[in-house]
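Remarks on the structure that follows.
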Amino acid sequence: MSEQVTGAQSLVRALECAGAENVFGIPGGAILPAYDPLFDSVKLRHILVRHEQGAGHAAQGYAAATGKVGVCMATSGPGATNLVTPIADAYMDSVPLVAVTGQVSSNAIGTDAFQEADIRGITMPITKHNFLVTDPADIPRTIAEAFYIASTGRPGPVLVDVSKDALQAQTTFTWPTELNLPGYRPVTRPHAKQVREAAKLILEARRPVLYVGGGVIRAQASKELRVLAEMTGMPVVTTLMARGAFPDSHPQHLGMPGMHGTVAAVAGLQRSDLIISLGARFDDRVTGNLDSFAPNAKVIHADIDPAEIGKNRHTDVPIVGDAREVIADLVVALQAEADAGHQGDYEAWVEFLAGVKTKYPLGYDQPADGSLSPQYVIERLGKIAGPEAIYVSGVGQHQMWATHYVSYENPNTWINSGGLGTMGFSVPAAMGAKVGRPDATVWSIDGDGCFQMTNQELATCAIEGIPIKVAVINNESLGMVRQWQTLFYNERYSNTDLQRVEQRRIPDFVKLAEAYGCVGLACDSPEDVDATIHKAMEIDDVPVVVDFRVHRDAMVWPMVAAGTSNDDIKFARDMAPEFDEDDL
1 MSEQVTGAQS LVRALECAGA ENVFGIPGGA ILPAYDPLFD SVKLRHILVR HEQGAGHAAQ
61 GYAAATGKVG VCMATSGPGA TNLVTPIADA YMDSVPLVAV TGQVSSNAIG TDAFQEADIR
121 GITMPITKHN FLVTDPADIP RTIAEAFYIA STGRPGPVLV DVSKDALQAQ TTFTWPTELN
181 LPGYRPVTRP HAKQVREAAK LILEARRPVL YVGGGVIRAQ ASKELRVLAE MTGMPVVTTL
241 MARGAFPDSH PQHLGMPGMH GTVAAVAGLQ RSDLIISLGA RFDDRVTGNL DSFAPNAKVI
301 HADIDPAEIG KNRHTDVPIV GDAREVIADL VVALQAEADA GHQGDYEAWV EFLAGVKTKY
361 PLGYDQPADG SLSPQYVIER LGKIAGPEAI YVSGVGQHQM WATHYVSYEN PNTWINSGGL
421 GTMGFSVPAA MGAKVGRPDA TVWSIDGDGC FQMTNQELAT CAIEGIPIKV AVINNESLGM
481 VRQWQTLFYN ERYSNTDLQR VEQRRIPDFV KLAEAYGCVG LACDSPEDVD ATIHKAMEID
541 DVPVVVDFRV HRDAMVWPMV AAGTSNDDIK FARDMAPEFD EDDL
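With our numbering, the residue at position 511 of the sequence shown is 511, and numbering never jumps.
Okay, structure coming up:
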């Protein structure tokens with residue numbers, strides 16, 4: 001059944017039919033026709049952000065916390081180009097996102113009209129697909145296709161650019177009953193022969209490691225992963241994007257691998273004879289120098305995206321499929337082998353890695369002057385807020401400390417910008433996560449550099465009743481860059497100090513929070529950390545910002561310098577009495 005509507009009404013109704021519940025956006029000229037019927041929608045909540053980048057990151061946070069498609073909306077020209085960063089971020093981290101942008105009228109496209117930008121061309125390399133709609137009759141089908149493409153296969157962002165005249169024109173609304181997308185047929189079921197080959201390699205191996213990536217989170221495969229791990233006894237490493245996919249407290253878990261990974265996780269991969277990669281992509285931050293990465297390991301690489309398999313590392317057994325389906329089939333295959341009396345022998349390997357894990361625990365230096373350690377702040381925050389809370393980090397030192405010193409027991413409780421490494425991600429993404437899961441406690445763990453990029457979304461949170469909590473790890477500098485300058489640039493701190501005036505903080509984050517209608521707290525003493533966090537936890541009706549004024553020279557350890565071998569891992573002096581190269 002169809003009825004006569006405007007293109008704008010058709011767009012709003014299509015979003016409703018696609019299952020959207022929240023839209024983060026800002027109106028403007030070209031998209032303005034859509035905002036009129038949006039005013040009347042009872043199914044869609046529009047959240048007026050303060051910057052389009054905030055809209056995109058909020059949609060990402062919503063998607064990451066719920067598993068649903070996040071939706072953001074912007075006008076043409078600068079509105080659309082302000083979405084480029086979150087779109088690229090979503091593309092790198094496989095986040096299901098639909099970005100709807102207004103475009104100048106179709107007869108003005110290509111004339112350099114006011115607020116015209118070829119956003120379709122601009123975003124072509126950073127979207128799964130994008131559309132330019134100039135015929136209002138195409139709106140329902142395009143929205144249906146956009147949501148389907150964004151959420152199936154390897155999730156990712158899809159852009160729908162709609163010309164203003166298409167929004168204003170009269171049309172009929174008909175929601176499609178089926179989609180015809182020739183060429184787009186994502187494979188979810190793995191090939192049985194490849195699964196059997198993988199099972200054979202697993203049984204033959206003596207030093208296997210389950211290398212778990214963000215694809216396991218996106219596939220909602222955590223339960224299946226635990227069954228596979230416990231059934232085989234194999235050690236597990238979880239990448240930055242996979243934290244929470246396997247419980248940190250589990251004895252088989254070695255932690256995060258890579259540039260700032262644990263010694264045990266790095267050793268596990270380097271010394272393995274078989275890597276079972278599940279939804280991971282052998283990112284440079286994990287492998288270090290590819291030529292020296294896990295030199296004696298065969299590779300089983302399972303991924304929903306065939307383009308990732310063999311891209312960076314030769315694969316012995318490729319498996320294309322959804323992580324949950326792949327793991328479930330592997331469990332069945334290995335169980336059949338076990339019933340026939342065939343099981344792997346990994347006892348010596350597991351014992352060795354348990355020894356490495358015990359010998360090289362995560363640790364950090366306490367500031368000699370008695371000032372506040374950032375790692376201690378994050379450690380206490382994780383303990384007090386607990387494993388049911390959602391933690392959303394910015395990018396930099398605080399991100400690495402947050403991944404190490406909060407204990408993640410559940411999937412979808414750790415949200416961050418992994419592949420693109422976007423400063424400013426945390427506050428708007430935390431806002432989106434809180435909208436998606438309003439009953440959860442949501443902590444934004446941010447640096448003072450990141451926080452100053454997008455903190456205007458605190459106004460959105462205060463006005464819209466989105467009570468996130470923000471822990472600003474304030475070391476008065478761009479901490480990760482400063483760390484590199486300390487280690488590799490002879491302590492020449494070029495343009496990394498965020499403060500220059502003695503005894504005066506610019507801005508004062510407590511006053512800034514209060515100006516935005518939030519509660520502002522400050523803490524600069526280890527003795528006050530617990531009480532300050534408890535106070536923030538007790539406030540549930542408005543956003544809270546805590547300025548943790550920490551020691552500025554704290555370092556992220558362990559560390560593998562960019563472009564070097566994982567064998568060259570460095571760590572804080574007090575993490576172990578003496579490093580034994582045989583452990584790697």
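Backbone N, C-alpha and C define an ideal beta-carbon position, used for all residues, glycine too.
Every value quoted in this text rests on a predicted model; they were computed, and no experiment measured them.
Leucine 181: buried (16+ other C-beta within 10 angstroms of its C-beta) or exposed? If you number the sequence shown from 1, residue 181 lands on position 181. Looking at its Cβ environment, which holds fewer than 16 other Cβ atoms inside 10 Å, leucine 181 is exposed.
CB contact flag (serine 407, aspartate 524, <8 angstroms): Start at 1 with the first residue of the sequence shown, and residue 407 comes out as number 407. Start at 1 with the first residue of the sequence shown, and residue 524 comes out as number 524. Against a cut-off of 8 angstroms, the Cβ pair of aspartate 524 and serine 407 comes out as no contact.
Counting only runs that start and end within the stretch 227-302, where is the beta strand (DSSP E) found for 3 or more residues in a row? 236-238, 253-255 and 274-278
Applying the 10 Å Cβ sphere with the 16-neighbour rule, what's the burial state of asparagine 490? Start at 1 with the first residue of the sequence shown, and residue 490 comes out as number 490. Burial state of asparagine 490 is exposed, judged by a 10 Å Cβ sphere holding fewer than 16 other Cβ atoms.
Assess contact between the stretch 65-81 and the stretch 22-40, defined as three or more Cβ pairs (one per stretch) separated by less than 8 angstroms. Is contact present? yes
Glycine 255 CB to nearest heavy atom of the ligand NAD below 7 angstroms: Judged by which ligands are present, the structure shown has none, so any question about the ligand NAD falls away.
As assigned by DSSP and simplified to three states, the class of arginine 324: The residue you call residue 324 lines up with position 324 of the sequence shown. Looking at arginine 324 - three-state DSSP - the assignment turns out to be helix.
Can you grab the Cα-Cα spacing for the pair threonine 85 / isoleucine 126, in whole Å? Numbered from 1 along the sequence shown, position 85 holds the residue referred to as residue 85. Numbered from 1 along the sequence shown, position 126 holds the residue referred to as residue 126. Cα to Cα, threonine 85 sits roughly 9 angstroms from isoleucine 126.
Relative to the C-alpha of alanine 429, which residue among Cys461, Leu203, Asp508 and Gln103 is closest? Residue 429 sits at position 429 when you count from the first residue of the sequence shown. Relative to the Cα of alanine 429, the nearest Cα in the group Cys461, Leu203, Asp508 and Gln103 belongs to Cys461.
Which residues in the same chain as valine 510 place their Cβ atom closer than 8 angstroms to its Cβ, once the five residues preceding and following it in sequence are excluded? Along the sequence shown, one-based indexing puts residue 510 at 510. Excluding positions up to five away in sequence, the list reads Gly520, Leu521, Ala522, Val545 and Asp547.
Just to confirm the assignment: which complete alpha helix (DSSP H) runs, minimum length 4, are found wholly within the stretch 111-174? The stretch 111-174 contains these whole alpha helix (DSSP H) runs: 119-123, 139-151 and 164-168.
Beta strand (DSSP E) runs contained entirely in the stretch 54-98, provided each spans 3 or more residues: 70-74
Measure from the alpha carbon of histidine 51 to the alpha carbon of each residue in Tyr91, Asp369, Gln456 and Glu145, then state which is nearest. Along the sequence shown, one-based indexing puts residue 51 at 51. It is Gln456 whose Cα lies nearest to the Cα of histidine 51.
Hey, would you say tyrosine 391 sits closer than 8 angstroms to tryptophan 349, going by beta carbons? Position 391 of the sequence shown holds residue 391. Position 349 of the sequence shown holds residue 349. No, they are not a contact pair.
Using 8 angstroms for Cβ pairs, my map puts isoleucine 473 next to glycine 447. What's the rounded Cβ distance? Here residue 473 is taken as the residue at index 473 of the sequence shown, counted from 1. Here residue 447 is taken as the residue at index 447 of the sequence shown, counted from 1. That belief holds up - the Cβ atoms of isoleucine 473 and glycine 447 are roughly 5 angstroms apart, short of 8 angstroms.
Could you tell me which residues DSSP puts in a beta bridge with methionine 559? Here residue 559 corresponds to residue number 559 of the sequence shown, with the count starting at 1. Methionine 559 pairs with Lys570.
How long is the line joining the alpha carbons of alanine 242 and proline 411, rounded to whole angstroms? Against the sequence shown, residue 242 aligns to sequence position 242. Against the sequence shown, residue 411 aligns to sequence position 411. If I take the Cα positions, the gap works out to 8 angstroms.
Buried or exposed for lysine 43, please, with buried defined as at least 16 other CB atoms from any protein chain shown within 10 angstroms of its CB. Taking the first residue of the sequence shown as position 1, residue 43 is located at position 43. With fewer than 16 other CB atoms across the displayed protein chains lying within 10 angstroms of its CB, lysine 43 is exposed.
Can you give me the start and stop residues for the alpha helix (DSSP H) that proline 176 sits inside? As a working mapping, residue 176 is identified with position 176 in the sequence shown. Taken as a continuous stretch (DSSP letters only), proline 176 belongs to no alpha helix (DSSP H), as it is neither H nor E.
Kindly list the residues whose CB is nearer than 7 angstroms to the CB of glutamate 325, restricted to its own chain and excluding five residues on each side of it in sequence; keep chain order. Mapped onto the sequence shown, residue 325 falls at position 325. The residues are Thr188, Arg189 and Pro190.
Return yes when the Cβ of arginine 196 is within less than 8 angstroms of the Cβ of alanine 333, no when it is not. Here residue 333 corresponds to residue number 333 of the sequence shown, with the count starting at 1. Here residue 196 corresponds to residue number 196 of the sequence shown, with the count starting at 1. Yes, the pair counts as a contact, with Cβ atoms nearer than the cut-off.
If we ignore side chains and look at the alpha-carbon of each, how far apart do serine 163 and alanine 90 end up? The residue you call residue 163 lines up with position 163 of the sequence shown. The residue you call residue 90 lines up with position 90 of the sequence shown. So the alpha carbons of these two residues sit roughly 24 angstroms apart.
Thinking just about the alpha-carbon of each residue, which of Ala471, Ile300, Ala336 and Tyr364 is nearest to the one in phenylalanine 571? Your numbering for residue 571 matches position 571 in the sequence shown. If we check each option's Cα against that of phenylalanine 571, Tyr364 comes out closest.
Nearest-angstrom Cα separation, counted from tryptophan 414 out to leucine 381: Taking the first residue of the sequence shown as position 1, residue 381 is located at position 381. Taking the first residue of the sequence shown as position 1, residue 414 is located at position 414. Between leucine 381 and tryptophan 414, the C-alpha separation is close to 14 angstroms.
For glutamine 168 and glutamate 464, what's the separation of their Cα atoms in angstroms? For the purposes of this step, residue 168 is identified with residue 168 of the sequence shown, where counting begins at 1. For the purposes of this step, residue 464 is identified with residue 464 of the sequence shown, where counting begins at 1. Straight-line Cα distance between these residues: approximately 29 angstroms.
Check this for me: beta carbons of alanine 554 and serine 373, under 8 angstroms apart or not? Here the question's residue 554 lines up with position 554 in the sequence shown. Here the question's residue 373 lines up with position 373 in the sequence shown. In this structure, alanine 554 places its C-beta atom within 8 angstroms of the C-beta atom of serine 373.
Going by other Cβ atoms of all chains shown within 10 Å of its Cβ, with 16 needed for buried, is serine 494 buried or exposed? Stepping through the sequence shown from its first residue, residue 494 is reached at position 494. Serine 494 should be labelled exposed.
Kindly indicate which residue of Ser272, Val212, Gly418 and Ala20 has the alpha-carbon position closest to the one of alanine 63. Locating residue 63 in the sequence shown gives position 63, counting from the first residue. Checked all of Ser272, Val212, Gly418 and Ala20; the closest Cα to alanine 63 is Ala20.
Boundaries (first-last residue) of the alpha helix (DSSP H) holding aspartate 448: On the sequence shown, residue 448 is found 448 positions in, with the first residue counted as 1. That run of the alpha helix (DSSP H) goes 448-454.
Look at the Cβ atom of alanine 150, then the Cβ atom of proline 186, and state whether they are nearer than 8 angstroms. Counting from one through the sequence shown, the residue named residue 150 turns up at place 150. Counting from one through the sequence shown, the residue named residue 186 turns up at place 186. In this structure, proline 186 does not lie closer than 8 angstroms to alanine 150 by Cβ.
Under the DSSP definition of a beta bridge, which residues are partnered with alanine 471? Indexing the sequence shown from 1 puts residue 471 at position 471. DSSP lists Ile445 and Val546 as partners of alanine 471.
Return the chain-ordered list of same chain residues with a C-beta closer than 7 angstroms to the C-beta of valine 98, the five sequence neighbours on each side being excluded. Start at 1 with the first residue of the sequence shown, and residue 98 comes out as number 98. Contacts found: Val69, Val71, Ala146, Phe147, Ala150, Val158 and Val160.
Is methionine 575 helix, strand or coil when you go by DSSP? Position 575 of the sequence shown, counted from the first residue, corresponds to residue 575. Residue confidence for methionine 575 is low, a pLDDT of 46 falling below 50, so the modelled location carries little weight; the figure read from the coordinates is stated next. Of the three classes helix, strand and coil, the one that applies to methionine 575 here is helix, per DSSP.
Determine the closest residue to serine 272 out of Glu308, Pro235 and Leu278, with distance taken between C-alpha atoms. On the sequence shown, residue 272 is found 272 positions in, with the first residue counted as 1. If we check each option's Cα against that of serine 272, Pro235 comes out closest.
3 or more residues per run - each beta strand (DSSP E) lying fully within the stretch 4-35: 22-25
Helix or strand or just coil, what does DSSP make of leucine 420? Indexing the sequence shown from 1 puts residue 420 at position 420. Residue state for leucine 420 is assigned as coil, using DSSP reduced to three classes.
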